[in-house]
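Following our numbering, the numbering of the sequence shown begins with 115 at its first residue and continues without gaps.
All C-beta atoms, glycine included, are put in the ideal place defined by N, C-alpha and C.
Predicted model, so just to flag it, every value in this text is computed and none were measured.
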Amino acid sequence: MKLYCHPISPYARKAMILARLKAIELKEITAIADGASGYTQGHNPLGKIPALEWQPQQFLFDSPVVCEYLDTISGLPILPSSGHSRFIQLWQHALGDGLSDAVYNYRYETVRPIELHWDQMIERHNTAMIAAIETLDTISDWLGTPWTFGNLAIICALDYMSYRAPHIDWQSRAPKLKSWYDGFTTDPHYQDTYAYPNEDDSKA
Ligand SMILES: N[C@@H](CCC(=O)N[C@@H](CS)C(=O)NCC(=O)O)C(=O)O
């Protein structure tokens, strides 16, 4: 299977970690952004990555769908199939992805020429990032180790935030979260997919 991805995309990185965790062989293809069309090779009409070619010329997106698919095809799923714990995992995953969304949107507000910055929108994204970090610090005892379906999205979001929104300095704001996070930095799948900084980082 081919995964259209980019090394610094936190959404793509979730799928890359999960594939390693489940020993699924993926051909990781670094997608190329093409102006208004976004990332075209993934055959996602929205122009976004990741996209997984799961059947010849058929593409799965977006990243939670890709992750859930990968989780089901090899070994025991890490996402519980039902019950309270399933929704806790999905909620954590959504919180991680939402944090990545806030970072991504912040980046796109601030990458424009300064005269085009929309200060209220920048403030909106900063507020979301800080609120997410405070929530994650509060629940850090429940985020678990090693990888879960939920914490996968959170680890990827934190690294992306360190790269794209270092002014938030989440490590100082959230010491409990930081010590939980530190437990992952020696993990081989974490290290194998850690790609910051990256010379090709214009889009993600
Ligand atoms: N909700 C989507 C978000 C994916 C996303 O925004 N990916 C970014 C890269 S980090 C992208 O493809 N951006 C290209 C664009 O929108 O032009 C998912 O979870 O897959």
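- Message: Starting from L166, trace the beta strand (DSSP E) in both directions and tell me its first and last residue.
- Response: Where L166 is concerned, the enclosing beta strand (DSSP E) stretches over 165-169.
- Item | Short Cβ contact (8 Å threshold) for E142 with M130 | It is a contact, given that the beta carbons lie within the stated cut-off.
- Query: Are there 16 or more other CB atoms within 10 angstroms of the CB of A145, so buried, or fewer, so exposed?
  - Reply: Looking at its Cβ environment, which holds 16 or more other Cβ atoms inside 10 Å, A145 is buried.
- Message: Let me confirm a value: G156 is counted as buried when at least 16 other C-beta atoms fall within 10 Å, else exposed. Which label applies?
- Response: G156 should be labelled buried.
- Query: For T307, which of helix, strand or coil comes out of DSSP?
  - Reply: The three-state reading of DSSP puts T307 in helix, counting H, G and I together.
- Message: Starting from I143, trace the beta strand (DSSP E) in both directions and tell me its first and last residue.
- Response: If you look at I143, you'll find it in the beta strand (DSSP E) that goes 141-144.
- Message: Can you find the residues in the same chain that come closer than 6 Å, C-beta to C-beta, to R127, ignoring five residues on each side of it along the sequence?
- Response: Once the five neighbours on either side are set aside, the close Cβ partners of R127 are C270, T307.
- Message: Just list the residues that DSSP pairs Y153 with in beta bridges.
- Response: Y153 is bridged to A147.
- Whole-angstrom Cβ separation of D301 and P260, contact assumed at under 8 Å? D301 to P260, Cβ: 7 Å. Contact.
- 6 Å CB neighbourhood of Y222 in its chain, flanking five on each side removed: Only residues of its own chain outside the window of five on either side were considered, and among them none has a CB closer than 6 Å to the CB of Y222.
- Check whether the segment 214-229 touches the segment 276-296, taking contact to mean three or more Cβ pairs, one atom from each stretch, closer than 8 Å. The segment 214-229 makes contact with the segment 276-296, as at least three CB pairs between them are under 8 Å.
- Euclidean distance between Cα positions of K162 and Y153: CA-to-CA, the gap between K162 and Y153 works out to about 6 Å.
- Message: Distance check for Y295 and D251, CA to CA, integer angstroms please.
- Response: Roughly 10 Å between the two C-alpha positions.
- Query: What whole-angstrom Cβ distance do F263 and D185 have, given they're in contact under 8 Å?
  - Reply: Confirmed, about 7 Å.
- Item | Proximity to M115 [Cα-Cα], best of A150, A147, N158, W168 | Of the candidates A150, A147, N158, W168, the one whose C-alpha sits nearest the C-alpha of M115 is W168.
- Item | Runs of alpha helix (DSSP H) wholly within the segment 249-314 (minimum 4 residues, chain order) | Secondary structure within the segment 249-314: the alpha helix (DSSP H) runs of 4 or more consecutive residues, fully enclosed, are 263-278, 284-287, 289-296, 302-307 (chain order).
- Span separating the alpha-carbon of L319 from that of K292: Any question about residue 319 goes unanswered here, given that the chain covers just 115 to 318.
- Query: Within the 8 Å Cβ cut-off, does K290 reach chain D?
  - Reply: No chain D is part of this structure, which consists of one protein chain only.
- Query: Rounded to a whole number of angstroms, what is the C-alpha to C-alpha distance between Y183 and E229?
  - Reply: The alpha-carbon atoms of Y183 and E229 are separated by roughly 43 Å.
- Can you say whether G210 is buried or exposed, counting buried as having 16 or more other CB atoms within 10 angstroms of its CB? With 16 or more other Cβ atoms within 10 Å, it is buried.
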